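Participant: Read in order, the letters of the sequence shown correspond to residues 48 to 207 in our numbering.
Below is the structure I would like to discuss, written out as structure tokens.
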Amino acid sequence: MLNRRSFITISVAGAGVGAAGVITPALTAAADESTSTGNTQIQIGPVAVLAGTTILQVAAKKADFDFFTSSGAFSKGSNGLLVPSGIRLLSQERGVALTPISEQPEVKPKAETAFCCAYAVFDGLEGTNPVEVRIPGYTLVTGVPVVSLDNAPFVVNNNT
Numbered sequence: 048m049l050n051r052r053s054f055i056t057i058s059v060a061g062a063g064v065g066a067a068g069v070i071t072p073a074l075t076a077a078a079d080e081s082t083s084t085g086n087t088q089i090q091i092g093p094v095a096v097l098a099g100t101t102i103l104q105v106a107a108k109k110a111d112f113d114f115f116t117s118s119g120a121f122s123k124g125s126n127g128l129l130v131p132s133g134i135r136l137l138s139q140e141r142g143v144a145l146t147p148i149s150e151q152p153e154v155k156p157k158a159e160t161a162f163c164c165a166y167a168v169f170d171g172l173e174g175t176n177p178v179e180v181r182i183p184g185y186t187l188v189t190g191v192p193v194v195s196l197d198n199a200p201f202v203v204n205n206n207t
């Protein structure tokens, strides 16, 4: 459960690398999670564009950390998997605000990771300039990089 009295580090994650920088201390962490070490707790991004869709990765440090559903960004589907709901992809530069598409393809990390990853797929964007991500009720994360699918830390499973 998110606790508004403690703080969490949110970072923008680049392609295959760790956090690019701290975005805001406005999002809160579980009360039992210490953030005094400076370890990244939530990573937003990167974003990759593939065949008319835009894929966003959101990662939480602990697999049992309920950031995804507590924030309202994702909900649990009937199959128990995370489904994007309140999360939004924005680009002030492009003049767009996108909601997740109804038919979400299966997206998986390319490699084993200590983070629990969730993915939101949106309509396609043009260009490679960074985007903004709105986490419902908490914050707007700016500067999320748009990378090529080859440089993204995830793949789309074409067998779905």
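Don't be surprised by glycine CBs; every beta carbon is placed ideally from N, CA and C.
Please read these numbers as outputs of a predicted model, since none were measured by experiment.
For Thr-101, does the count of other Cβ atoms within 10 angstroms reach 16, so buried, or fall short, so exposed?
Facilitator: Counting from one through the sequence shown, the residue named residue 101 turns up at place 54. The residue in question, Thr-101, is buried, as its Cβ has 16 or more Cβ neighbours within 10 Å.
Participant: Report, in whole angstroms, the separation of the C-beta atoms of Pro-200 and Pro-156, which I expect to be a contact under 8 angstroms.
Facilitator: Within the sequence shown, residue 200 is the residue found at index 153, counting from 1. Within the sequence shown, residue 156 is the residue found at index 109, counting from 1. Under the criterion of beta carbons closer than 8 angstroms, Pro-200 and Pro-156 qualify as touching, at roughly 6 angstroms.
Participant: Could you tell me whether the Cβ atoms of Leu-145 and Phe-114 are closer together than 7 angstroms?
Facilitator: By 1-based counting over the sequence shown, the position of residue 145 is 98. By 1-based counting over the sequence shown, the position of residue 114 is 67. Not a contact, by the Cβ cut-off of 7 angstroms.
Participant: Which full runs of the alpha helix (DSSP H) of 4+ residues lie inside the segment 152-195, going along the chain?
Facilitator: Listed in chain order, there is nothing to give.
Participant: DSSP state of Thr-116, grouped into three classes?
Facilitator: The residue you call residue 116 lines up with position 69 of the sequence shown. Note: Thr-116 maps to helix in three-state DSSP.
Participant: Under 8 angstroms Cβ to Cβ from Gln-139, same chain only, skipping five residues before and after it: list those, please.
Facilitator: Counting from one through the sequence shown, the residue named residue 139 turns up at place 92. Excluding positions up to five away in sequence, the list reads Glu-179.
Participant: Do you know offhand how far Asp-111's Cα is from Gly-99's?
Facilitator: On the sequence shown, residue 111 is found 64 positions in, with the first residue counted as 1. On the sequence shown, residue 99 is found 52 positions in, with the first residue counted as 1. Bear in mind that the predicted position of Asp-111 carries a pLDDT of just 49, short of 50, making it unreliable; the figure below should be weighed with that in mind. Rounded to the nearest angstrom, the two C-alpha atoms are 33 angstroms apart.
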